[in-house]
């Protein structure tokens, strides 16, 4: 209710969109970052002509409706991103604006502008209190994302009451310090004033804009407006009746008067706007047919023709080379190859590029252009902003046109976690490169050594987690990560994000025959078997070498065991029962080894199996000393196998 006039000013006077085609490539993007106000966007979508019926509005927050409690992409036509965790919608909007700027720099040609749209985001006090707002908005200002316009619902109220007691920031000065164009003192209940502010924001081309709209929460509710009581609770019958009387509204509930419906219907204008753009694109396609085809493919989220065959050829070459390197270095090998095959691959790092190895030879960094916008590049320096990076990558993926990946240390995935979860919820194709995956990083000590992180990430539904043991498994992980189906606009497939957990230290290459090489993509497979194996050792990452050494030591004692490499438990879990029984036969005693918490692995070894791992924090020392101190050794695995037998 408090944002109604702001919404009218944007949606009827400035937003370029086509309700008949929510996936139109050059539409303006709209994000409701304060997603608890979801009924606002549902009303806007219904009134402007999207496929969202009054019956769906009546089913607000009910099971399987298109009007869930917070907006969800892929559920409601016209919703661009899933919002609710405050601040993340704002960060998604930064990612969308960055994607627009990069696509414009990459594809537009003199006299042919096919990428030219704005990203609008509604934010509230809660969004700006969240720390992620600082991370994302600071970067947006630095990159001069001038087609990003944020409208701040400055009502001074949050769930606990008047925010002045805990949110005393001078928001205008804060955003000016970021390098934003700030428009102050706008009456959020004056449609003309808001409209003028939006047009002023669009008139300049050097900075993102923040329009500060002073509003009254629950405006129109006679006794509850301006209080925290109206934030999330129903008004109640008496207050609703009084509000209707105050506003002079006589129509029955869910009745939209014909004059209102006609005034809001945006289908004709939207179709005309898209038709105009289509003519521009047709001329572009005639002048630049290859670029037009590439743009169309990229916005659909399709992989290039022949990609699968080229990826398999690279895997075969990787297996033939047999290099012993850290898996973070193996990842860089894969990135370098994929960057040549996938022009949409867009990398970056949270100030750890030289440690994550997320760049490649000849790559250009994204930088702000002199007069606003960005100069084209394929590597983003996100700065020390792990959470912001993850949420911005989500926005880039949602926008379409790029396949984003970003790097940091695995232990800092904690900073990124909620954005990773949102990517999994939204089924977005993003790749997280997490290096320094265990105590193997050594001297940096327990603050940087991941113990619980691998197990924790594996618990996120729809996040594919890989902890490879060598160059081959790393290449397979990358190939599958970029091949997960993309979810662009309303076309939601069974895709999602991937997390790659990579070592700092060198890991030995493991030779494989053709069948074993093919089996890697199953997520868990028999790496080394033995006739009449009596037990199975399951290992991941750097511990696979320990498992193989233990197999050899046990053989000398007359005990035959098989070694199962399980770089991705979620991929293994999706295999059919026949495959899983073949890899881990029923009744075969099992031991798992991983440099992390042990509880997770009892899912695979059972209550009678053994797990060699770490259930405490690490120490600062060289990696070799740490593995010995914590018992991640061949002798310990041999001992564990003998115990389960």
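Residue numbers (the numbering used here): -15 to 629. Using N, Cα and C, we set each Cβ at its ideal position, and we do this for glycine too.
Item                                                                                                                              : Value
Helix, strand or coil at residue 474 according to DSSP, with G and I counted as helix                                             : Its pLDDT being 37, under 50, residue 474 is placed unreliably in this model, and the coordinates cannot settle the point.
Rounded straight-line distance, which links the Cα of residue 12 to that of residue 146                                           : 33 Å
Residue burial classification, residue 183 (beta-carbon count within 10 angstroms, cutoff 16)                                     : exposed
Same chain only: Cβ atoms within 7 Å of residue 670, ignoring 5 sequence neighbours per side                                      : Residue 670 cannot be examined here, being either before or after the span of the chain that is shown, -15 to 629.
Unbroken beta strand (DSSP E) run spanning residue 450, endpoints                                                                 : 448 to 450
Those runs of the alpha helix (DSSP H) which lie wholly inside the region 482 to 559 and span at least 4 residues                 : 498 to 503, 528 to 540 and 553 to 557
Chain-order list of residues whose beta-carbon lies under 6 Å from that of residue 475 (same chain, five-residue window excluded) : Residue placement at residue 475 is flagged as unreliable, the pLDDT there being 44, under the threshold of 50; the coordinate-derived value follows with that caveat. Hits under 6 Å: none found.
8 Å contact criterion, which residue 450 and residue 482 should meet: CB distance rounded                                         : 7 Å
Beta-carbon spacing of residue 373, residue 390 below 8 Å                                                                         : yes
Burial state of residue 376, where buried means 16 or more other Cβ atoms lie within 10 Å                                         : buried
With 16 other Cβ atoms within 10 Å as the buried cut-off, status of residue 256                                                   : exposed
Those runs of the alpha helix (DSSP H) which lie wholly inside the region 259 to 318 and span at least 4 residues                 : 273 to 284 and 291 to 305
Secondary structure, alpha helix (DSSP H): runs of 4+ residues fully inside the region 199 to 226                                 : none
Expected contact under 8 Å - CB spacing of residue 635 and residue 617 to nearest Å                                               : Summary: the structure shown does not reach residue 635, with the chain confined to residues -15 through 629, and so no result is reported for it.
Extent of the continuous beta strand (DSSP E) run through residue 168                                                             : 165 to 171
Same chain only: Cβ atoms within 6 Å of residue 173, ignoring 5 sequence neighbours per side                                      : -11
Selected residue, minimal CA-CA separation from residue 428, among 154, 610, 562 and 48                                           : 610
Three-state class that DSSP yields for residue 92 in the structure shown                                                          : coil
Sequence-distant residues of its chain with Cβ nearer than 7 Å to residue 307 (five each side left out)                           : 455 and 493
Cutoff 7 Å; reference residue 403; Cβ partners in own chain excluding five residues on either side                                : 72, 371, 374, 375 and 378
Residue 457 versus 503, 440 and 435, residue with shortest Cα-Cα distance                                                         : 503
Own chain partners of residue 572 with C-beta closer than 7 Å, once the 5 adjacent residues on each side are dropped              : 519 and 520
Simplified DSSP assignment, three categories, for residue 662                                                                     : The structure shown does not extend to residue 662, since the chain is modelled only from -15 to 629, so the question has no answer here.
Exposure of residue 231, with buried meaning 16 or more beta-carbon neighbours within 10 Å                                        : exposed
Contact under 8 Å by Cβ, residue 400 with residue 441                                                                             : no
Beta-carbon proximity of residue 81 to residue 129, cut-off 8 Å                                                                   : yes
Boundaries (first-last residue) of the beta strand (DSSP E) holding residue 393                                                   : 387 to 393
Span separating the alpha-carbon of residue 134 from that of residue 26                                                           : 19 Å
Cβ-based burial, residue 498 [other Cβ within 10 Å; buried from 16]                                                               : exposed
DSSP beta-bridge partners of residue 130                                                                                          : Paired residue(s): none; residue 130 is not in a bridge.
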